[in-house]
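For the sequence shown, my numbering assigns the number 689 to the initial residue and increments by one for each residue that follows.
By construction, the Cβ of each residue, glycine as well, lies at the ideal position given by its N, Cα and C atoms.
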Amino acid sequence: MNDAIKASQIFKPFTADTLVYLLVIVATAAVLIFITRRLVPWIANRLHGKRRLVLLAGESVLRLLIILAALLLCIPLVIEPSLQSMIAVFSAVGLAVGFALKDYTSSLVAGIVAVGEMPYRNGDWIEVNGVYGEVQCVGMRTVSIVTPDDTMVSIPHLKIWTELILNANNGGPSLQCATDFFLHPRHDAAQVRQVLEDVALTSPYLQINKPIAVIVEEKPWGTRYRLRAYPVDPRQQFRFITDLTVRGKAALARLEVSFSTLPVTMMDLPGSEK
C-alpha cells in the first residue's frame, strides 16, 4: 500500500493526452535532429576555412540541446514536479544504469564532456589507437571518423579517459603535413634544403602565410629530410603530400642526388625513426 502511495506521488496518471504529447515531442525532436544532421554539414561544406569548421562543430551542440529540451518537456508530463519525486526517480535510474550499462554510460558522460571540452569537433583530423581520419559526427556515445581510405570508423567517447587523442588541426583551418626524403649522405645539404623549400613554395596547395620548415637528420643509413608545410585546406593534405613528393623527387633527381638504398626492413628497426 505504501509502495502504491509512493508511486502515485511520484508519477502522474498516464492518459491518452499524455501519450499524444510524448509522441509529438519525441517525433519533433527526431525530425529536428535529422534536419540538423543533414542541413548543417550541407551548409558547412559550401564554406571554407574557419567558418566551415565552426559550423560543423556547432552541429553536435545543437543536437545535444534538442535532446535536452525534449527530456525537459517530457519529464513533467510523467513525473510530479516535486523535489522528492525527482530525487527518487533519478536515484533509481542512476543505480540501474550504473550497474547494467557501465561502459555505455561512461561513453554517454564522455560524449557530454567531449561536446563541452571539444577534444575533437566535426571537421577535425584526429588519430585514436592508430586510426586516423576526419571527424564526421560527434554523437552522444561515439565519434564517427572517415579514414583516408573512405572507411567510416565509430570510436566510443570513453576512449578520452584512457587513450591519447591526437588532433592535427584542433578546430582550425591549418594542418601541418610532413613529407620525408631519404638520401645518400654524400651531397650538398644546404643545396638540397633550398630545393625542397622551393618545391613547397611552388605547390598550388600551399597555405602561403604559414611557415615552411626543412628538418635534416643524419642517420646511420643516410640523411633524412622532413619537409613540413601547410595546405590551404586540411582536406587537401594527401594531395599536398603527393605533390611535394613527386616534384621533390624530380627536383632532387635533377641535382643528381642519390637516394638511400637501404632495405625498408632496416629503416623500420626500432628507434630508426627517432
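In this structure, does DSSP put P919 in helix, strand or coil?
-> In this structure, P919 counts as strand in the three-state DSSP scheme.
Pull up the DSSP beta-bridge partners for F947, would you.
-> F947 is bridged to L871.
Can you check DSSP and say which residues form a bridge with A901?
-> In DSSP, A901 forms a bridge with R916.
Taking E815 as part of the alpha helix (DSSP H), name the residues at either end of that continuous run.
-> That residue, E815, is in no alpha helix (DSSP H); its beta strand (DSSP E) goes 813–816.
Beta-bridge partners of V819, as assigned by DSSP = DSSP output for V819 lists V816 as bridge partner(s).
From R935 to I896, what does the alpha carbon distance come to, in whole angstroms?
-> If I take the Cα positions, the gap works out to 18 angstroms.
Indicate the three-state DSSP secondary structure (helix, strand or coil) for L743 in the structure shown.
-> Helix.
Exposure of R740, with buried meaning 16 or more beta-carbon neighbours within 10 Å | Classification of R740: buried, given that the 10 Å Cβ count is 16 or more.
Just the C-alpha distance for W849 and A901, rounded to the nearest angstrom, thanks.
-> Straight-line Cα distance between these residues: approximately 34 angstroms.
At which residues does the beta strand (DSSP E) containing P844 begin and terminate?
-> Unbroken beta strand (DSSP E) run through P844: 840–844.
Give me the Cα-Cα distance between P922 and P861, rounded to the nearest whole angstrom.
-> Whole-angstrom Cα-Cα distance: 6 angstroms.
Whether G799 touches H845 by CB criterion (7 angstroms) | The Cβ-Cβ distance between G799 and H845 falls below 7 angstroms.
Just to confirm, are I723 and A758 a CB contact at a threshold of 7 angstroms?
-> At the C-beta level, I723 and A758 stay beyond 7 angstroms of one another.
By DSSP, does S832 sit in helix, in strand, or in coil?
-> In the three-state scheme derived from DSSP, where H, G and I count as helix and E and B as strand, S832 is classed as strand.
Roughly how many angstroms lie between the CA atoms of W730 and N858, to the nearest whole one?
-> Our two residues, W730 and N858, have alpha carbons roughly 21 angstroms apart in a direct line.
Have a look at I763 and Y709 and give me their C-alpha separation to the nearest angstrom.
-> The straight-line gap from Cα to Cα measures roughly 11 angstroms.
Between Q924, V880, L894, which lies nearest to V945 when the distance is taken from Cα to Cα?
-> Closest by alpha carbon: V880.
Just how far apart, CA to CA, sit T949 and P908?
-> Across the structure, T949 and P908 are spaced so that their CA atoms are roughly 12 angstroms apart.
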